[in-house]
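J.:
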Amino acid sequence: MLTLGIETSCDETSCAVLSGPDTIKSNIVSSSLFHHQPFGGVVPEIASRHCLEQMDVVYKEALKKARVRAHELDLIAVTRGPGLIGSLLVGVCFAKTLSYQLKIPLIGVNHLEAHLAANFIGEREPERYIGLLISGGHTSISLHEKRRMKLLGETADDACGEAYDKVAKLLGLGYPGGPVIDHLAKEGDIRAFPFTRPRLDNPYDFSFSGIKTAVLYLVRKQKKISLAFQRDLAASFQHAVVSWVVDKTLQAAEAERVSDVAVGGGVSANSELRLKLSAEAETRGIRVRFPSLDLTGDNGAMIARRGLDLFKSGSREGLRLTGNPGLRLDAAC
Ligand code: KG4
Ligand code: ZN
């Protein structure tokens, strides 16, 4: 069974060909990141125009790399949301046209579910697990059980990746902030700036606006932003954020008596999170899965994987499928 996965929710245009549930035959990603960098964040109009220009190119490249012809495809899976409406519509319209032309089924996929599903390419999906979704637009902890999910907590304000991006901007480190802070943090002192953990009624909710404001005041007090200051702040910020995320995730796993955790989204590439969560979980007999690094960002393979699951469980989409910018992780519950 060959599934074409199409992802255009934000600044990436990606197509992948997945053979069965586990074999990625191709996964082509074209990013417009470079064009957004002068603006310090994603410009929706630039992102959607780039998707439009790249869609057909990326599709052809994915077929070529997979050595597959269009008529050999069995299924098309496409991101239906959440994301930027202009970008989403490019992928959805392309997928609908292709499904009509090739006379093969079409599945609309929730981008957030797909980030978690990236863990199960080449791996069996556990019966019960805690999902930690941690990206530029979303941060949540969810319980997945027999293919049903329950949202346990989410961010009250900024997403974790967004906090990384904003802190990087305050430090003059450019966009996106996650990889550069992750890198600088390795050289800094985690005790240089102690940050207060936010108090929230629900132990599984997150809040990152306080730490962002604390960083703003620290930067304002600084006469000159030296490399040493950047390193120490990056290290202290990352240490605080990773500790909160690790504690909440494992608290949820223990409270729900779950022994598996799956992490997804752009921030799942973070080196400290990968180390700390895995190590801390191991001491408690919990197994944590992270996607391989090439599957942490937005990509078509994870869309194909989630689409195939939905197809197998009987889901079908007609040509009425459209983009839904505000789609939530718990939309289907
Ligand atoms: O999942 P993603 O590619 O896009 C969304 O769906 O949001 O996530 C992008 C986010 C950005 O905020 C970026 O700064 C963050 O993931 N990110 C990281 C790292 N690599 C990417 N954050 C922390 N550490 C990293 N190594
Ligand atoms: Zn994403």
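In my numbering, the protein residues as written are 34 to 366. For each residue, glycine too, the CB sits at the ideal point set by N, CA and C.
#1: May I ask you to check if the CB of Ser168 is nearer than 7 Å to at least one heavy atom of ligand 1?
#2: Tell me whether Ser47 is buried or exposed, calling it buried when 16 or more other Cβ atoms sit within 10 Å of its Cβ.
#3: With 16 other CB atoms within 10 Å as the buried threshold, where does Arg339 fall?
#4: Between which two residues does the beta strand (DSSP E) containing Ile319 stretch?
#5: How close, in whole Å, do the beta carbons of Ser269 and Ala225 come, if the pair is a contact with beta carbons under 8 Å?
#6: Excluding sequence positions up to five away, which residues of its chain have a Cβ less than 7 Å from the Cβ of Leu184?
#7: Distance check for Val50 and Asp89, CA to CA, integer angstroms please.
#8: Excluding the five sequence neighbours on either side, which residues of its own chain have a C-beta within less than 8 Å of the C-beta of Cys366, listed in chain order?
#9: When every heavy atom of ligand 2 is checked, does at least one fall within less than 7 Å of the C-beta of Asp198?
#10: Using the C-alpha atoms, what's the distance from Ala151 back to Ile57?
#11: With a cut-off of 8 Å on the beta carbons, I'd call Gly297 and Pro115 a contact; round off their distance for me.
#12: Just the C-alpha distance for Pro209 and Gly333, rounded to the nearest angstrom, thanks.
#13: How long is the line joining the alpha carbons of Leu166 and Leu145, rounded to whole angstroms?
#14: Return the CA-CA distance between Gly207 and Gln70, expressed in angstroms with no decimal places.
#15: Find out if the Cβ-Cβ distance for the pair Ala196, Phe228 is shorter than 8 Å.
#16: With which residues is Ser301 paired in a DSSP beta bridge?
#17: Go ahead and pull the three-state DSSP assignment for Asn152.
#18: How about Ile109 and Glu289: do their beta carbons lie closer than 8 Å?
#19: For Ala286, count the other beta carbons within 10 Å of its own beta carbon; 16 or more makes it buried, fewer makes it exposed. Which is it?
#20: Apart from the five residues on each side of it in sequence, which residues of its chain come closer than 6 Å, Cβ to Cβ, to Ser84?
#21: Quick check: the segment 337 to 353 against the segment 299 to 309, are there 3 or more CB pairs under 8 Å?
#22: Where do the ends of the beta strand (DSSP E) carrying Ala49 lie?
#23: Starting from Val125 and walking both ways along the alpha helix (DSSP H), at which residues does that stretch end?
#24: Spatial neighbours of Lys31 within its chain, please: C-beta separation below 7 Å, excluding the five flanking residues on both sides.
#25: For the beta strand (DSSP E) containing Arg181, list its first residue and its last residue.
#26: Could you name the residues of the same chain whose beta carbon sits closer than 6 Å to that of Val248, not counting the 5 residues immediately before and after it, in chain order?
T.: A quick look at the data gives this:
#1: As a working note, residue 168 is residue 135 in the sequence shown. Answer for Ser168: yes, Cβ within range of ligand 1.
#2: Walking along the sequence shown from the start, residue 47 turns up at place 14. Under this definition Ser47 is a buried residue.
#3: For this step, residue 339 is matched to residue 306 along the sequence shown. Buried: at least 16 other Cβ atoms inside 10 Å.
#4: For the purposes of this step, residue 319 is identified with residue 286 of the sequence shown, where counting begins at 1. Element bounds for Ile319: n/a, residue is neither H nor E.
#5: On the sequence shown, residue 269 is found 236 positions in, with the first residue counted as 1. On the sequence shown, residue 225 is found 192 positions in, with the first residue counted as 1. Confirmed, Cβ separation roughly 5 Å.
#6: For the purposes of this step, residue 184 is taken as the residue at position 151 of the sequence shown. Taken in chain order, the residues that qualify are Ser173, Ser175, Leu362, Asp363.
#7: Taking the sequence shown and counting its residues from 1, the one referred to as residue 89 is at position 56. Taking the sequence shown and counting its residues from 1, the one referred to as residue 50 is at position 17. Their Cα atoms are separated by approximately 14 Å.
#8: One-based indexing of the sequence shown puts residue 366 at position 333. In this prediction, Cys366 scores a pLDDT of 48, lower than 50, which makes its location untrustworthy; the coordinate-derived value is nonetheless stated afterwards. Around Cys366: Arg181, Met182, Lys183, Leu184.
#9: Position 165 of the sequence shown, counting from 1, holds the residue named residue 198. Answer for Asp198: no, Cβ out of range of ligand 2.
#10: The sequence position of residue 57 within the sequence shown is 24, counting from 1. The sequence position of residue 151 within the sequence shown is 118, counting from 1. Distance between the alpha carbons of Ile57 and Ala151: 11 Å.
#11: For the purposes of this step, residue 297 is taken as residue 264 along the sequence shown, with counting starting at 1. For the purposes of this step, residue 115 is taken as residue 82 along the sequence shown, with counting starting at 1. Not confirmed; about 14 Å, so no contact.
#12: As a working mapping, residue 209 is identified with position 176 in the sequence shown. As a working mapping, residue 333 is identified with position 300 in the sequence shown. Cα-Cα distance, rounded: 21 Å.
#13: The sequence position of residue 166 within the sequence shown is 133, counting from 1. The sequence position of residue 145 within the sequence shown is 112, counting from 1. Approximately 7 Å, taken between the alpha carbons.
#14: As a position in the sequence shown, residue 207 is number 174, starting the count at 1. As a position in the sequence shown, residue 70 is number 37, starting the count at 1. Each residue's alpha carbon lies about 7 Å from the other.
#15: Numbered from its first residue, the sequence shown carries residue 196 at position 163. Numbered from its first residue, the sequence shown carries residue 228 at position 195. Not closer than 8 Å, so no.
#16: By one-based count along the sequence shown, residue 301 stands at place 268. Per DSSP, none; premise fails for Ser301.
#17: Translated into the one-based positions of the sequence shown, residue 152 becomes position 119. Helix.
#18: The sequence position of residue 109 within the sequence shown is 76, counting from 1. The sequence position of residue 289 within the sequence shown is 256, counting from 1. The Cβ atoms of Ile109 and Glu289 do not sit closer than 8 Å to each other.
#19: Here residue 286 refers to the residue found at position 253 of the sequence shown. By the 10 Å Cβ count, Ala286 comes out buried.
#20: Mapped onto the sequence shown, residue 84 falls at position 51. Residue identity differs from the one stated: residue 84 is Cys in this sequence, not Ser. Thr41, Thr46, Ser120, Val123, listed in sequence order.
#21: no
#22: Residue 49 sits at position 16 when you count from the first residue of the sequence shown. Residues 45 to 52.
#23: Position 92 of the sequence shown, counting from 1, holds the residue named residue 125. Unbroken alpha helix (DSSP H) run through Val125: 118 to 135.
#24: Beyond the ends of the chain as shown, which are 34 and 366, falls residue 31; an answer cannot be given.
#25: Walking along the sequence shown from the start, residue 181 turns up at place 148. Taken as a continuous stretch (DSSP letters only), the beta strand (DSSP E) holding Arg181 covers 181 to 187.
#26: Mapped onto the sequence shown, residue 248 falls at position 215. The answer, listed in chain order, is Val200, Leu203.
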